[in-house]
Structure formats: C-alpha cells, structure tokens
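One rule links them: number in our numbering = place in the sequence shown (from 1) + 65. Cβ coordinates follow ideal geometry from the N, Cα and C atoms, glycine included. Every value quoted in this text rests on a predicted model; they were computed, and no experiment measured them.
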Amino acid sequence: PFWQFITKKMNAAADLQAEQQEKANQRLTELFSVYGALEFSQRLGKKENRLYRLEYIPELDRSISKMDRIMVALNWGNAVNRSRVIEGYGITATIVENSILSTLDQRDWVFVQSIWDYFEEFWPLMEALERRVTGVVPEKVERLPFKSMAGVEMQGGYFPITFDEDQSSVAFDNLAKTMADQNRLGVVGRAMTAKGHLKARVEGDVSIPIKLDVGVIFNHVQQVIHDLSWREWLIDTNKILSHDKMRSAIVAHYGEKTYQALQNTKIDIAGGQVVPTQVWERVMSYLRNGVAIAAMAVNLGTMLLQPLGLTQSMVRVGPVYVMKAMLKFFTGAAAMDGTVKRMYELSTFMRLRSKTINREVNEIRNKIGRVGLFGKTHGSLEEAYFYLMVKAQLLADIPTWMGAYEKAQAQNATEEDSVAMADQAVIDSQGSGHIKDLASVQRGGPTKKLFTSFMSYFQTTYNLSTDSIKGTDFKSASSVMRLGVDFLLLYSLPIVIEQYVRGALIRGECDDGKDTECMIAKIGADHLVYPLSGLILAREGVGMLQGFDRYGGPPALNIFNSIGSLKTQTQQIFSIDSNGLAIDTDEIDADFFKALNRAGGPLFHYPSVQMERVIFGMLDLQEGKTDKVTAPFFGYSKQ
66 PFWQFITKKM NAAADLQAEQ QEKANQRLTE LFSVYGALEF SQRLGKKENR LYRLEYIPEL
126 DRSISKMDRI MVALNWGNAV NRSRVIEGYG ITATIVENSI LSTLDQRDWV FVQSIWDYFE
186 EFWPLMEALE RRVTGVVPEK VERLPFKSMA GVEMQGGYFP ITFDEDQSSV AFDNLAKTMA
246 DQNRLGVVGR AMTAKGHLKA RVEGDVSIPI KLDVGVIFNH VQQVIHDLSW REWLIDTNKI
306 LSHDKMRSAI VAHYGEKTYQ ALQNTKIDIA GGQVVPTQVW ERVMSYLRNG VAIAAMAVNL
366 GTMLLQPLGL TQSMVRVGPV YVMKAMLKFF TGAAAMDGTV KRMYELSTFM RLRSKTINRE
426 VNEIRNKIGR VGLFGKTHGS LEEAYFYLMV KAQLLADIPT WMGAYEKAQA QNATEEDSVA
486 MADQAVIDSQ GSGHIKDLAS VQRGGPTKKL FTSFMSYFQT TYNLSTDSIK GTDFKSASSV
546 MRLGVDFLLL YSLPIVIEQY VRGALIRGEC DDGKDTECMI AKIGADHLVY PLSGLILARE
606 GVGMLQGFDR YGGPPALNIF NSIGSLKTQT QQIFSIDSNG LAIDTDEIDA DFFKALNRAG
666 GPLFHYPSVQ MERVIFGMLD LQEGKTDKVT APFFGYSKQ
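So, in structure tokens, the structure goes:
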C-alpha cells in the first residue's frame with residue numbers, strides 16, 4: 066500500500082517533471098534562437114549586436130545592456146509589473162519608454178511577446194490544478210496591450226516579479242522567506258494569479274528594484290513545472306504521513322528516524338533543486354559540474370564499468386529473471402532495437418534515463434536554460450560527453466528493467482504496475498539523479514553537495530546491502546547462504562572482474578595479472594574500500610586505504626590542488642631576476658601540460674581526464690614507455 070499510494074505516485078511525478086523539463090528546454094531553445102549564438106558573447110561577433118554590451122543611459126545615470134532592456138520590456142506587459150519597474154528604479158513611465166524601450170527593435174519585441182505567450186500556455190494547466198486542489202478558479206493577471214515604438218502590436222502578458230537580491234539585503238531576506246514558504250506549501254504556480262501579485266506588492270518594499278536577469282525566465286519555468294508535477298502528491302502525502310494512526314504505525318514498526326526520513330524527503334522534494342543565489346554558491350556549483358565533466362565525460366574507463374551493475378540487479382530482481390532478460394536482449398541487433406523501442410514507449414523514466422542517470426548528470430543535463438553562446442554549444446557537447454557512459458549503462462539498465470517487468474507480469478501485476486515496478490527496480494539497483502531517489506545527505510545546497518559527489522551508485526549498493534542483512538534470518542543456514550550470495554554479487558564479483566579485466570588485462574597492472582600476490586592485495590584493499598564508498602566522511606578515508614599519501618579533499622575541491630600544482634609548475638618556468646622576466650623553456654615539459662590540463666578541465670568544462678590519457682598514452686607508446694596499445698583509451702600501469 067505504501068508503494069502504491071506514495072512511492073509509485075512519487076515516481077510518476079518525477080517522470081512528469083523530467084518530461085516537461087525536456088519540452089521546456091526544446092521550446093526555450095526555439096524562442097531564443099531569434100538571437101545568434103555570438104550575440105550572447107561579450108567578445109565575439111559585431112560589437113553593436115552583443116546582448117550584454119553595456120550602454121550608458123543619461124536619464125538613468127547608469128549603464129545597462131540590451132538584455133537588461135529586454136527584461137524591462139518583459140515587465141511592461143501588465144499594470145502591476147509596470148508599477149514595480151517605475152517605483153523600484155524611481156523613474157517615470159516616460160523615461161522607461163523613451164530611454165529604454167525605444168532602443169529595442171522589431172525582433173526584440175517579437176521575442177518579448179513570444180515569452181509572454183509561452184508563459185500563457187501554462188495557465189490552463191495551473192487553472193485546472195487550482196480547481197482540483199482548491200475548487201476555486203483563480204483570478205488571472207490581465208494583459209495590458211500596447212504598441213511598441215518599433216511598430217509591433219503587443220498583447221502584453223504575465224511575467225514573474227523577481228527582486229534583485231544582489232542589490233538589496235531586504236530582497237534577499239524576502240527571497241529566502243519566499244523559498245521557505247514555497248518549499249513547505251508548493252504554491253509557486255499561484256504567482257500567475259492576480260491575488261498572488263497583489264499579495265507580493267503589499268508585502269514588498271516598492272523601492273526594491275526588480276531583477277534584470279534572463280535567469281528569471283528559466284527559474285520561473287522550472288518552478289512552475291515543479292509545482293504542476295508535485296503539488297498534488299505533496300498534499301496527499303502530507304495528509305497520509307500526518308495522520309496519527311499512520312505516524313504511530315511507522316514509528317512502532319520502523320522507528321522515529323524512519324518517519325523523520327520520510328518527512329525530510331517530502332520537504333526536500335517540495336523545495337526542488339536549490340538554486341544558488343549568492344556568488345560563492347554559483348562558483349561552487351560551477352566547479353562541481355566542471356569536476357563531473359572533467360572526470361566522467363567521454364571516460365572510457367568509467368564506460369567499461371557500467372555493465373557491472375548487473376550484479377546488483379541480480380540481488381534486487383533475482384538472478385533468474387535478469388539472466389533470462391540478458392539472453393533475450395543480447396540475441397541480435399534487431400532484438401535489442403525492438404526491446405529498447407518498446408521499453409521507451411512504456412516507460413517515460415527509461416526514455417529520459419540518459420538525463421537522470423545520477424545526480425551529477427541530472428544537474429548538468431536536466432536543467433532548464435541552455436541558451437546563448439555557451440549554452441547552445443554545451444547542450445550538444447554534454448550530449449556527446451555522456452553518450453558512451455549512458456549507452457554502456459543501458460547494458461545494465463535494460464536487462465534489469467526487462468527482468469523486473471517479466472517478474473511483475475508473472476505475479477499477475479497490471480501493465481501499469483509492471484512498468485512502475487520495473488522502473489523501481491532500475492532505481493533501486495542502478496541509482497537515479499532525481500531528488501526523490503537521493504540519500505538525504507546528497508540533497509540540499511551547494512556546500513552540502515561538496516562532500517557527496519559521485520556517490521549515487523554506491524548509495525544503491527549500501528541500500529541493497531542493508532536490505533539483504535535485514536532480510537536474513539541468522540538462525541537459518543539457507544538464509545545466511547543467501548546473504549553470502551548477495552554480498553558476492555554486490556562486492557566480490559564486480560571487484561574481481563574490474564581488477565582482472567580493466568586493471569590487469571587492459572591497464573597491465575600486477576604484471577598483467579600474473580603477479581598473484583599483487584592481485585590479492587588489490588582485491589583485498591578494494592573489499593575494504595568498496596563498502597565505504599557509499600558513506601559520507603568514511604569514504605574520504607578511501608584514498609589512504611588505496612595507498613595515496615596526499616588527500617585532496619572532496620572531488621569538487623580537488624580543483625584547488627590542481628591549481629596549486631599549476632602554480633608550482635608555472636613558477637619553475639617563469640622567474641624574475643635582475644635582468645627582468647626570465648623563462649626557462651626546459652621546464653615546459655609534460656608535467657606542466659598535465660597540470661595545465663587538470664586545472665583547465667573543471668574550470669572550462671571539458672573532459673580533461675580522458676584527454677590526458679589519449680595524448681600522453683599515445684606519446685608514451687611512441688617513446689616505448691609502455692607496450693599497451695590500449696593506453697590512449699584506458700591508461701596503463703606505471704608500476
């Protein structure tokens with residue numbers, strides 16, 4: 066019953082959100098395509114066309130960009146927003162129209178109206194949601210038609226009022242309070258109603274300037290989609306978990322901590338992705354994403370490990386059903402293609418799996434707002450960056466899904482439940498980047514996430530281990546043997562396969578695996594390391610167990626070590642003496658370029674780990690440092 070009324074509906078809400086975010090990204094990309102990619106640059110293209118080129122406006126006594134003026138125009142579509150512009154900046158409507166809006170051309174006004182019209186498309190969905198939840202049809206914000214100075218007939222429209230928290234501590238405090246209220250109640254969508262605007266106007270200080278940032282568009286769409294996807298689930302789940310008998314039953318059977326974990330999950334889901342607001346938070350989020358791209362993008366070694374997740378699937382679904390699915394799936398290209406198409410037709414979760422495979426990929430690829438010079442190029446680059454990893458992961462995901470689906474069908478489950486159970490099996494055995502599927506320690510703001518990078522898969526291993534232990538009757542020999550088989554599949558088998566295939570056969574470690582003592586030592590160390598990889602802080606000691614004497618902190622902070630190494634290498638090349646700047650060209654060596662690349666990957670978001678393997682693997686092959694032809698792809702042992 067808990068799975069039917071809470072977990073299953075929770076998964077459906079997450080799938081709806083992911084699907085709507087995909088559509089929103091496609092639609093916003095179309096709307097922003099009226100501007101060329103170079104127009105978003107501050108360095109490339111014609112100077113007069115750059116959207117972020119600042120121009121001084123005497124009447125305002127400040128410099129603003131064309132994008133700022135477009136944002137003012139977006140706030141000119143209804144009476145309330147207009148008053149916010151005028152009162153917030155302490156200017157008149159005449160100044161706004163003559164000094165700001167008059168500088169926009171026909172293309173700009175067409176874009177502005179297209180954004181208003183796009184926001185309008187959400188209204189029927191939000192109106193229906195309000196009617197279902199409250200029984201009341203909300204009062205709508207009225208458009209304010211006008212004719213632009215470029216001669217375009219404007220219909221006006223709704224635009225979210227967002228205050229500039231960077232310019233006002235009051236606005237920042239209000240933002241924090243608003244986010245807390247929205248997290249608790251899930252009422253983001255109501256901002257499009259007239260009542261929502263009037264309430265904001267009464268409570269806010271009219272002297273606070275509105276935010277002139279294109280991110281307002283993306284954040285609003287993200288919030289509205291989140292509200293449409295989750296509000297009903299949040300209301301229903303809150304009623305269930307708050308019921309006295311339900312709470313008593315959960316606490317009695319599972320303990321207070323389990324009940325609090327359920328409540329915390331509900332609260333975190335309500336909050337959604339915490340959007341970084343302060344500069345340092347944005348920097349840390351940027352670096353975390355950069356580290357993820359540098360480490361995982363086009364990483365052939367990571368790709369090679371993805372199918373090993375099948376051992377976890379056998380624990381979750383059962384070896385028989387997974388093996389049957391593997392035999393059926395791997396019978397030929399036609400069978401594989403047909404199976405994938407059928408699965409995508411039945412399961413939204415699996416169709417969008419490439420964007421939600423883990424937290425790091427989910428944050429990079431499933432975020433609304435990839436526009437502009439870097440947004441458009443990075444969107445396609447990210448597709449290529451994680452393509453191989455996602456395809457390799459399907460080798461584990463598809464047999465898992467098929468096996469769980471067939472198992473549910475054999476138990477006379479409905480088609481709908483069979484699909485939902487198959488989705489759940491993939492989540493439980495392979496992990497997922499949705500907030501609902503993350504451990505509590507993985508959710509939250511940028512600081513909290515620093516210590517939990519690359520933990521999603523290991524969290525599933527930890528959960529499966531816990532379930533196996535709890536399900537074991539230690540007085541029964543057969544039950545204990547089943548626990549032993551589970552742990553063999555969860556730990557020993559993938560460790561041994563990885564060490565002999567990737568470590569010995571491909572990388573040439575332990576004399577190509579011939580050194581038995583070396584292999585036993587590595588496999589033994591991994592048996593100590595692997596179980597700790599899903600535990601925060603405990604996994605921070607993994608490096609010491611593996612023999613590394615220099616601990617660099619959480620992966621997201623290793624960038625500072627890389628920058629430090631680059632500084633050291635640079636100081637060896639450049640020095641200042643009595644004759645001025647001196648350059649020692651002999652120090653421009655492989656170590657310098659490695660340090661440069663390792664610092665550049667996280668900073669500029671490119672696959673630096675694999676790039677280093679390719680370049681230096683090829684050089685080492687040519688110089689005879691290794692005879693491993695696979696060195697440029699997977700690296701090689703330097704023992």
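Less than 9 Å divides the Cβ of L686 from the Cβ of D692. In this structure, A215 sits away from L277, with a CB-CB distance that is not shorter than 9 Å. By the C-beta density criterion, W345 is exposed, having fewer than 16 other C-beta atoms within 10 angstroms. If you draw a straight line from the Cα of Y565 to the Cα of Y701, it comes to about 13 Å. For F658, there is no enclosing beta strand (DSSP E); the residue is part of the alpha helix (DSSP H) that begins and ends at 655-669. Residue range 309-319 is occupied by the alpha helix (DSSP H) that includes R312. For R118, the closest alpha carbon among the candidates S106, E124, L125 is that of S106.
Sequence-distant Cβ neighbours of V202 in its own chain, meaning closer than 8 Å and more than five residues away, are E192, E195, R196. A647 sits in a strand when the DSSP states are folded into three classes. Judged by beta-carbon spacing, I638 lies beyond the 9 Å limit of A664, meaning their Cβ atoms are not closer than that value. Taking 8 Å as the upper bound for CB-CB distance, T465 and A490 are in contact here, some 6 Å apart. The residue from A586, V217, N90 with its alpha-carbon nearest to that of V175 is V217. In the DSSP assignment, D685 forms no beta bridge with any residue. For D80, the three-state secondary structure derived from DSSP is helix.
Annotation: L369 to R134 spans about 50 Å, alpha carbon to alpha carbon.
Secondary-structure assignment with DSSP links M219 through a beta bridge to F211. When beta bridges are read from the DSSP output, D642 appears opposite G645.
Ranked by Cα distance from T526, the options K690, S167, L593, G599 are led by G599. Burial state of Q220 is exposed, judged by a 10 Å Cβ sphere holding fewer than 16 other Cβ atoms. Q69 and A485 have their alpha carbons spaced roughly 10 Å apart.
The criterion of a C-beta distance shorter than 9 Å is satisfied by Q675 and V363.
Of the candidates V348, D301, G355, A314, the residue whose Cα lies closest to the Cα of A335 is D301. Annotation for Y121: S128 place their beta carbon closer than 7 Å to its own, counting only its chain and skipping 5 residues before and after. The C-beta of K535 has fewer than 16 other C-beta atoms within 10 Å across all chains shown, which makes the residue exposed. In this structure I560 does not touch D580 by the C-beta definition: roughly 17 Å separates them, more than the 8 Å allowed. K472 and Y351 have their alpha carbons spaced roughly 42 Å apart. For Y121, the pairing in a beta bridge is given by DSSP as S128.
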